[in-house]
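S.K.: Before we start, here is the structure in question, set down as structure tokens.
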Amino acid sequence: MKYRLAVDIGATRTMLALVDVGSPRIVAHDRPYTETVFPGNRPPGHSLADAVRRFLDSQALTPESVIGVGVGVPGLVNQAIGHVLACPNLRLLDGTDLGPEASEDLGLPVFLDNNTNLIALGEHAAGIGQGVDDLAAVWVGSGVGSGLILNGRLYHGADGLAAELGHTIVVPNGLQCTCGGRGCAEMYCSGKALSLVAEQIFQPRELFQLGTRFAGARLVIEQALAGHERAHQVMVQAFTYLGYALANLVVLLSPRMIVLGGGVVKAWPEGISIAAEIVRREGSVEVPRDVLIVQSKLEDFAGVMGGATLVELEVG
């Protein structure tokens, strides 16, 4: 029996999954902490290969059972050579030959892409976007990532860096973003943004007790669900800003569907209707009124389904 192996690298956890060849069935999966996948004592590509071998060992399999590995990286990737250009949330991957190193170590073809590009590919191949040849996937978690399927194909742009929706401007001369720009959507509607606002509306001891990264975002969402007026206003505002970013996307590219997912959307799905209303209200042409704005059904598995699909496209 042969399988496709997919890896979705996240800032906190990394998912590994075995997927049947020729079907979208996930045979097995695991979600170790990313710091255990990349402990920092070896080149990242070799660490990734070690993690793949451990996962295969847990299933009593060897690399010979796998036709290829598709890897989603939360950063900028040169897909052609498997090189990570920059990875802001996982700096040890910056400037690394993650793909070639892992490929040489495993003796398998390893293909890299941005993780939200693979989410879009996964939604198109096996998710709610099946049969929709023009769609965008927008993931709102600690940041805002996006991927595009245009005319049935994953769209990378001239330099492979297309679809950075989180770094489109929604507030001119607004908040300083980690990318170096100002007023990026990510600074107004992501978990990062919610955590910044949490510092203004909650007591320091409330945030300190939570202790984890972006814990403030979780507190804002929990309190909004519990009826906290200010927290609810913050969530409405966040999804309003997301709506403006989506309206620009729709007017520019005219997708048939936008698939929303990620931790913030999953935790507060009522925000989808807020963003959708902004798109319909602010669109200056008829196109936005026809677009479907829906929640992902694959959710956490969208990235690995995209990684498996990438292997299928590359290996056949």
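What the sequence shown shows, in the working numbering, is residues -13 to 302, in sequence order.
For each residue, glycine too, the CB sits at the ideal point set by N, CA and C.
Owing to the predicted nature of the structure, the values given are computational and were not obtained by experimental measurement.
According to the Cβ coordinates, are G167 and V157 closer than 7 Å?
M.R.: Against the sequence shown, residue 167 aligns to sequence position 181. Against the sequence shown, residue 157 aligns to sequence position 171. Against a cut-off of 7 Å, the Cβ pair of V157 and G167 comes out as no contact.
S.K.: Smallest Cα separation from A288: which of E268, Q209, A106, G26?
M.R.: Taking the sequence shown and counting its residues from 1, the one referred to as residue 288 is at position 302. Of the candidates E268, Q209, A106, G26, the one whose C-alpha sits nearest the C-alpha of A288 is A106.
S.K.: With a threshold of 7 Å on Cβ separation, who are the neighbours of G26 within its own chain once the five nearest residues in sequence on each side are excluded?
M.R.: Here the question's residue 26 lines up with position 40 in the sequence shown. L78, listed in sequence order.
S.K.: Roughly how many whole angstroms lie between the Cα atoms of T82 and A35?
M.R.: The residue labelled residue 82 in the question sits at position 96 within the sequence shown. The residue labelled residue 35 in the question sits at position 49 within the sequence shown. Those two C-alpha atoms are separated by around 14 Å.
S.K.: Under the assumption that S176 contacts S132 (Cβ atoms under 8 Å), give the Cβ distance between them as a whole number of angstroms.
M.R.: Here residue 176 is taken as the residue at index 190 of the sequence shown, counted from 1. Here residue 132 is taken as the residue at index 146 of the sequence shown, counted from 1. No, S176 and S132 are not in contact; Cβ-Cβ is about 12 Å, not under 8 Å.
S.K.: Taking C-beta to C-beta, are R242 and V118 nearer than 7 Å?
M.R.: Sequence index remark: in the sequence shown, residue 242 carries index 256 (1-based). Sequence index remark: in the sequence shown, residue 118 carries index 132 (1-based). Yes; because the gap between Cβ atoms is below 7 Å, this pair is in contact.
S.K.: Within the 7 Å Cβ cut-off, does L296 reach chain C?
M.R.: Reference to chain C is not applicable here, since this structure consists of a single protein chain.
S.K.: Name the one or two DSSP bridge partners that V297 has.
M.R.: What you label residue 297 is simply residue 311 of the sequence shown in a count that begins at 1. Looking at the DSSP assignment, V297 forms no beta bridge with any residue, so it has no partner.
S.K.: Less than 6 Å between C-beta atoms, sequence neighbours within five positions excluded: which residues of the same chain meet that for H142?
M.R.: For this step, residue 142 is matched to residue 156 along the sequence shown. Only A148 meet the Cβ criterion.
S.K.: Using alpha carbons as the reference points, say which of V57, A210, F41, A231 lies closest to S51.
M.R.: Counting from 1 along the sequence shown, the entry for residue 51 is found at position 65. Minimum Cα distance to S51 is reached at F41.
S.K.: Determine, using beta carbons only, whether V5 and I12 come nearer to each other than 7 Å.
M.R.: Sequence index remark: in the sequence shown, residue 5 carries index 19 (1-based). Sequence index remark: in the sequence shown, residue 12 carries index 26 (1-based). Contact flag set, yes.
S.K.: With a CB to CB cut of under 6 Å and the five nearest residues on each side skipped, what residues in its chain are close to V301?
M.R.: Taking the first residue of the sequence shown as position 1, residue 301 is located at position 315. Closer than 6 Å at Cβ, skipping near neighbours: I53, G54.
S.K.: May I ask you to verify whether the stretch 250 to 270 touches the stretch 228 to 236, counting CB pairs closer than 8 Å and requiring at least 3?
M.R.: Counting Cβ pairs under 8 Å, three or more are found: they touch.
S.K.: Assign K178 to buried or exposed, taking buried as 16 or more other Cβ atoms, counted over all protein chains shown, within 10 Å of its Cβ.
M.R.: Against the sequence shown, residue 178 aligns to sequence position 192. Its Cβ being crowded by 16 or more others within 10 Å, K178 is buried.
S.K.: What are the boundary residues of the beta strand (DSSP E) that includes R(-10)?
M.R.: As a working note, residue -10 is residue 4 in the sequence shown. That run of the beta strand (DSSP E) goes -11 to -5.
S.K.: Could you tell me the alpha carbon to alpha carbon distance between A233 and N103, rounded to whole angstroms?
M.R.: Sequence index remark: in the sequence shown, residue 233 carries index 247 (1-based). Sequence index remark: in the sequence shown, residue 103 carries index 117 (1-based). In a straight line, the C-alpha of A233 is about 20 Å away from that of N103.
S.K.: Would you kindly report the start and end of the unbroken alpha helix (DSSP H) that includes I105?
M.R.: Position 119 of the sequence shown, counted from the first residue, corresponds to residue 105. Unbroken alpha helix (DSSP H) run through I105: 101 to 112.
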